[in-house]
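Have a look at the structure below, then the notes.
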Amino acid sequence: MPRQRSPNRDKAFEIYKENDGNIDLVKIAEMLNLSPGTIRGWKNKDKWDSKLNGTLQKNTERSKRKKGGQPKNKNSKGHVSSVPKGNKNAETHGFFSKIFPPETIEIVEDIMVKDPLDMLWENIIIQYTAIARSQRIMSVKNQKDLTKVLKREKESTGETSDSWEKEYELQFAWDKQATFLQAQSRAMKTLESMIKQYDELLKSNLATEEQKLRIEKLRAEVVKVKNKDDNKPIEIMIKRKSDK
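Here's what the structure looks like:
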């Protein structure tokens, strides 16, 4: 079932139209509490400039046109696409529609309008969630925590009866703890690398205030996991420009 069109999509174009296209897309994003990438995606997909130019020039072109064929009219030689030169959206969508089912195409359309900053943030959340979940799955209770894992089994057939041979692997507490620490260390390095990349993108001045604040909260959470200090609450101090 197709996803319902966001009402902010039309609102964004109306704001763009009211300003005759002379407004920064980041400003529109802030007004609607959306990411700049979403606004850019809507602008390209809905061809705002073509709509805007068509509205401004409609009356002028209509008054200048004469009856009959127009001078230098090349329409008979083929239709010229209204898509700006270099725009690959239609081409990409057409390619995907040939190899992906409709439900996948819907996901592709959502991804194409996503801000790279938001995509990276979602992956950071997924990685951090996996780390937090592993705390429960790979938890070692105490020194006597022993796990018995079946590695392989083999059936032996005799003249009078059949028997099974089973081989087990014993995982002692220190082995499980060492494995957990190694896995967590690798996962934390990946997370820290993603956070660093996100932080660098924030410096591009295209990030919203919300995007900047949420990374500070996550940094505090990561420090908490690394230090294993569960008794102290996380405190985040936010100073706005007006408070300085």
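Heads up: the sequence shown begins at 1 in UniProt numbering, then just goes up one per residue.
Think of the CB as a built atom: it goes at the ideal place given N, C-alpha and C, for glycine as much as any other residue.
{"Check": "Using the three-state DSSP reduction, which class does threonine 104 fall into: helix, strand or coil?", "Outcome": "helix"}
{"Check": "Between the region 167 to 185 and the region 140 to 155, can you find at least three pairs of beta-carbon atoms closer than 8 Å?", "Outcome": "yes"}
{"Check": "Less than 6 Å between C-beta atoms, sequence neighbours within five positions excluded: which residues of the same chain meet that for isoleucine 39?", "Outcome": "Ala12, Leu25, Ile28 and Ala29"}
{"Check": "For leucine 170, name the three-state secondary structure that DSSP assigns.", "Outcome": "strand"}
{"Check": "If you draw a straight line from the alpha carbon of glutamine 184 to that of glutamate 169, how long is it in whole angstroms?", "Outcome": "23 Å"}
{"Check": "Is DSSP giving arginine 152 helix, strand or coil here?", "Outcome": "strand"}
{"Check": "Can you look up serine 204 in the DSSP assignment and give me helix, strand or coil?", "Outcome": "coil"}
{"Check": "What does the alpha-carbon distance come out to for the pair glycine 37 and leucine 181?", "Outcome": "38 Å"}
{"Check": "If you reduce the DSSP assignment to three classes, tell me which class serine 185 lands in.", "Outcome": "helix"}
{"Check": "Thinking C-alpha only, which one of Glu167, Leu32, Ser163 and Ser134 is nearest lysine 148?", "Outcome": "Glu167"}
{"Check": "Check for me: the alpha helix (DSSP H) holding valine 140 runs from which residue to which?", "Outcome": "Neither: valine 140 is in no alpha helix (DSSP H) and is coded neither H nor E."}
{"Check": "Quick check: what's the CA-CA separation for lysine 17 versus serine 35?", "Outcome": "19 Å"}
{"Check": "Count the other CB atoms within 10 Å of the CB of valine 223; is the residue buried (16 or more) or exposed (fewer)?", "Outcome": "exposed"}
{"Check": "Could you name the residues of the same chain whose beta carbon sits closer than 8 Å to that of leucine 146, not counting the 5 residues immediately before and after it, in chain order?", "Outcome": "Leu170, Gln171, Phe172 and Ala173"}
{"Check": "Using DSSP with H/G/I as helix, E/B as strand and the rest coil, what is serine 6?", "Outcome": "coil"}
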